[in-house]
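Peer 1: Residue numbers (the working numbering), protein chains in the order written: chain A, 120 to 329; chain B, 120 to 329; chain C, 120 to 329; chain D, 120 to 329. We put the CB at the ideal spot given by N, CA and C, even for glycine. Below are the structure tokens for one structure; questions will follow.
Number of protein chains: 4
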Amino acid sequence: MERELLNKHGQKMGRKGLIMRKRIMDAALGLIRDASYKDLTVAEVASEASTSTSTFYVYFSDIEDVLFACVEEADQDLNQIMDVLSQDWCAENRAEKVSEFVDAYMKIWKKHSVELRVRNQEADQGNPRFLQYRLESTRDIIESLEQKVAQARPDTDNPLSLALVLFTSMERLAGVNYRAIGQTRISRKKLNNAMKELWLMLLSGSGNSV
Amino acid sequence: MERELLNKHGQKMGRKGLIMRKRIMDAALGLIRDASYKDLTVAEVASEASTSTSTFYVYFSDIEDVLFACVEEADQDLNQIMDVLSQDWCAENRAEKVSEFVDAYMKIWKKHSVELRVRNQEADQGNPRFLQYRLESTRDIIESLEQKVAQARPDTDNPLSLALVLFTSMERLAGVNYRAIGQTRISRKKLNNAMKELWLMLLSGSGNSV
Amino acid sequence: MERELLNKHGQKMGRKGLIMRKRIMDAALGLIRDASYKDLTVAEVASEASTSTSTFYVYFSDIEDVLFACVEEADQDLNQIMDVLSQDWCAENRAEKVSEFVDAYMKIWKKHSVELRVRNQEADQGNPRFLQYRLESTRDIIESLEQKVAQARPDTDNPLSLALVLFTSMERLAGVNYRAIGQTRISRKKLNNAMKELWLMLLSGSGNSV
Amino acid sequence: MERELLNKHGQKMGRKGLIMRKRIMDAALGLIRDASYKDLTVAEVASEASTSTSTFYVYFSDIEDVLFACVEEADQDLNQIMDVLSQDWCAENRAEKVSEFVDAYMKIWKKHSVELRVRNQEADQGNPRFLQYRLESTRDIIESLEQKVAQARPDTDNPLSLALVLFTSMERLAGVNYRAIGQTRISRKKLNNAMKELWLMLLSGSGNSV
DNA sequence: GATGAATGAGAATTCATTCAT
DNA sequence: TATGAATGAATTCTCATTCAT
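Following this line, the structure appears as structure tokens:
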């Protein structure tokens, strides 16, 4: 476990320290919920957390550092997803399991949409720290999905790509405020249903190959 | 007809002015090709364009402003996409048309990946200018895809959502450096094929409903 | 006559040139009517005059230069004041003449309040060009008023100071937007009457000496 | 009780902070004692105070802000004036009290001539912050003078205007470097005497009405 | 005469970061 | 632990000014 419970001064963090650290993280998240994190400053975060910038530096080395901590924290919830995925999806319960999977995934993202938007944007722009983290954090999920596709469509030669296409869509639709898509005729619920439908289509093994 | 050709000083732009404006846009794009645009500065752009920051401000009001101009310019290429989409896709040529569509879309994104990554990230973060622009710029494409889905699957009640799910994926996979996905076992080509396969699956009308 | 009708390029000004010059002056005045002239810029003036900064420099060397030209122009109206002052004020017509004088002075200032506020502020802050100009432009008026005081109060030993005190007040009250005094219970008319009353008091020779 | 002692970073100001703030104010005043404040820059002030511009911005938001603080501070001395004015001026001591009043007023203005010149110029140009401040800061004085005029001349219908005319003159003559008047034949002393003489004339109740 | 175009120079402003208490 | 205080180092931004057409 990497978190040694030390602050940036190398001191062991006590109860107060942990509380302050959390307060700073929450302040940062709150500030970027409805705004770009591009312009987030240490002073802003400190002020939002009702503390001083000096205190900020006791717990984090810079803005990226807090954000990464937030992503790490959010990621722990993501592990639950594997509960559904590690089960066996047979033809009989497939529809149900797909539904469970999509719902669970969407629910978690909704709770942590800010953190995961940060993770994806940083990773997409090539930030190595976040790139690596995303890789590790999605590896199991993606592999599991790949297997399910391979199992459902033994004939296909790139189950990974097929899984990735839908997974990518799911991640993005989950993380983005759906008003941001600018379509007034859709709702999150309809999108989720479409998502499920496409997974089912893919996993039911029907459809033409190219 | 573009808007009045005035620079930020209210002067009509002549030949020299238009050239300088373009030079600055190119400099900006060049600088963020392999890096985040988060930290792009006016000074950097001006220097890359071998001019002064003052000159920068003759043509753009800030960094966002140049980037938006770049997006606007890139977007003009996107219109070509409608050539394929405005045709009729019947069962006979469907595979061919899907392939054309995906290839054309991916090709354009490859050429303008920087601009469109900027557009999407800004829009995803709620920047209204980019949000509005993306909405307008993708409206026709999305509507057209929706129609094709509706035609292929008359039974479905939300063709729009189904189209959006795949379109979203396509956009993201196109804009992102595929190394950023962190999967070494896939290639752009494989992803494109999977993309086509999924569109075909959707448009061939087979598969279960939820 | 110093105005040689040459522009800053040493060219003789033709009709068009004179018109443009005037247009720039008017633009400058218009811009500072309700605002401080401290922040007036060449670009603003040029834009307000619907021309370019380059053209500005054909006629004026800098902002102070236009403002000085405006003051010079306004000052020509001030000469009229001497009409009333050069007359003889005897006991019989004194009230009438004082009234004429105050009214005339106030009227002119009202018309040129912007120019004269500039003149006084610059002079008050020690700007030599405006200081010298004000000195010359008020000399005759002040001397004339001094004489009238001396005549009315032969016993006083500093008629100049007495005249200056009231003249100073008159200048300031005339130049300042009376709302700026922040008293809602007074009007310009009441102030003018008080002004006349005080001049009469002074010139009627009554009152105690210190 | 002044307003909350917070600097522009929202920190409580301690001893050191208050000293630095004062040092910056003094630097600003020193720099404009013999020059226009129009061109005063943050860089200049910071340098004169032997600190950095960043430090300047810890305590003030811009040049106007320091100057306003200076005016506020100077204004506290002005309260003394009310000592003389709140007394009763009867016929017997009137000459003495007028003399005291004018001398006291002039003395204070001499000490704070820079601050008060700034206050008046900004207010005269319509700067709301200074306008409001001047209004409040002179209200008591003006009202008191009005009462004395009303008492001395029960017949007059606008004691306020009469008081304002002389008060205005006093303020301006006090704040302006008297060389700026450009009259070599007068001295501050003579002007003060004339000032007193006119107040006495007004308050002795003699003289004609218009 | 007029005006696009370009820029040097400097001013304002921000911000991360350190240090002493 | 926490935080006032101070600042270096950029960065943004403005403006007067010049030049070529």
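1. Using C-beta distances below 6 Å, list every residue in its chain close to residue 129 of chain A, excluding the 5 sequence neighbours before and after it, in chain order.
2. With burial defined as no fewer than 16 other Cβ atoms inside 10 Å of the residue's Cβ, what is the status of residue 143 of chain A: buried or exposed?
3. Tell me the DSSP secondary structure of residue 141 of chain B in three-state form.
4. Any C-beta of chain A within less than 9 Å: which residues of the segment 282-298 of chain B qualify?
5. Looking at C-alpha atoms only, which residue of A:311, A:283, A:245, A:278 is the closest neighbour of residue 292 of chain A?
6. State the start and end residues of the unbroken alpha helix (DSSP H) segment that holds residue 228 of chain A.
7. For residue 316 of chain A, tell me which candidate among A:249, A:294, A:219 has the shortest Cα-Cα distance.
8. In terms of residues, what are the limits of the alpha helix (DSSP H) holding residue 267 of chain D?
9. With a cut-off of 9 Å, does the C-beta of residue 154 of chain A fall near any C-beta of chain B?
10. Could you check whether the Cβ of residue 244 of chain D sits closer than 9 Å to any Cβ belonging to chain C?
11. Keeping to the same chain, check which residues put their C-beta closer than 8 Å to that of residue 122 of chain D; ignore five residues upstream and five downstream.
12. Quick one: which chain C residues come within Cβ less than 7 Å of residue 304 of chain D?
13. Helix, strand or coil for residue 159 of chain C, going by three-state DSSP, please let me know.
14. Restricting to Cα atoms, I'd like to know which of D:197, D:279, D:241 is closest to residue 226 of chain D.
15. Please determine, among B:162, B:153, B:166, the residue with the shortest C-alpha to C-alpha distance to residue 295 of chain B.
16. Under 9 Å between the Cβ atoms of residue 118 of chain B and residue 188 of chain B?
17. Can you list the residues of chain B that residue 212 of chain A reaches, using a CB-CB cut of under 7 Å?
18. Answer yes or no: do residue 213 of chain D and residue 319 of chain D have a C-beta to C-beta separation smaller than 9 Å?
19. Taking 9 Å as the threshold (C-beta atoms), are residue 126 of chain A and residue 177 of chain A in contact?
20. At 7 Å on the CB atoms, spell out the chain A contacts of residue 240 of chain B, in chain order.
21. Which value, in whole angstroms, describes the spacing of the CA atoms of residue 147 of chain B and residue 247 of chain A?
22. Near residue 229 of chain A, what residues of its chain come up, given a Cβ to Cβ distance below 8 Å and the 5 sequence neighbours on each side ignored?
23. Check whether chain C comes within 9 Å of residue 122 of chain D, counting only Cβ atoms and requiring the distance to be less than that.
24. Name the one or two DSSP bridge partners that residue 308 of chain D has.
25. Within 10 angstroms of the Cβ of residue 253 of chain C, are there 16 or more other Cβ atoms? Answer buried if so, exposed if not.
26. The alpha helix (DSSP H) with residue 291 of chain D in it runs from where to where?
27. Along the alpha helix (DSSP H) that carries residue 195 of chain C, what are the first and last residues, could you check?
28. Quick check on residue 316 of chain B - is its C-beta less than 9 Å from some C-beta in chain A?
29. Does the beta carbon of residue 226 of chain A come closer than 9 Å to any beta carbon on chain B?
30. Looking only at its own chain, which residues have a Cβ that is under 7 Å from the Cβ of residue 75 of chain A, when we skip the five neighbours before and after it?
31. What residue does the alpha helix (DSSP H) around residue 202 of chain B start on, and which one ends it?
32. Looking at chain B, is there any beta carbon in it that lies within less than 9 Å of the beta carbon of residue 157 of chain A?
33. How would you call residue 314 of chain A, buried or exposed, if buried means at least 16 neighbouring beta carbons within 10 angstroms?
34. Taking the continuous alpha helix (DSSP H) assigned at residue 173 of chain C, which residues delimit it?
35. I'd like to check one pair, residue 234 of chain B with residue 190 of chain B: are the Cβ atoms closer than 9 Å?
Peer 2: A quick look at the data gives this:
1. none
2. buried
3. helix
4. 282, 283, 284, 285, 286, 287, 288, 289, 290, 291, 292, 294, 295, 296, 298
5. A:311
6. 213-230
7. A:219
8. 247-271
9. yes
10. yes
11. With a pLDDT of only 46 at residue 122 of chain D, under 50, the local geometry of the prediction cannot be trusted, and no value is derived from it.
12. 279
13. coil
14. D:197
15. B:153
16. Chain B is shown only over 120 to 329; residue 118 of chain B falls outside these bounds and no answer can be derived.
17. Those do not exist, as residue 212 of chain A stays about 14 Å from chain B at its closest Cβ, beyond 7 Å.
18. yes
19. yes
20. 240
21. 23 Å
22. 293
23. Low confidence applies here, because residue 122 of chain D scores a pLDDT of 46, under 50, leaving its location unreliable; read the following figure in that light. Not closer than 9 Å to any Cβ of chain C, the Cβ of residue 122 of chain D fails to qualify, so no.
24. DSSP, once it has assigned bridges, lists no residue as partnering residue 308 of chain D.
25. buried
26. 278-294
27. 182-197
28. yes
29. no
30. As displayed, chain A neither begins before 120 nor continues past 329, which places residue 75 of chain A out of reach and without an answer.
31. 200-204
32. yes
33. buried
34. 172-178
35. yes
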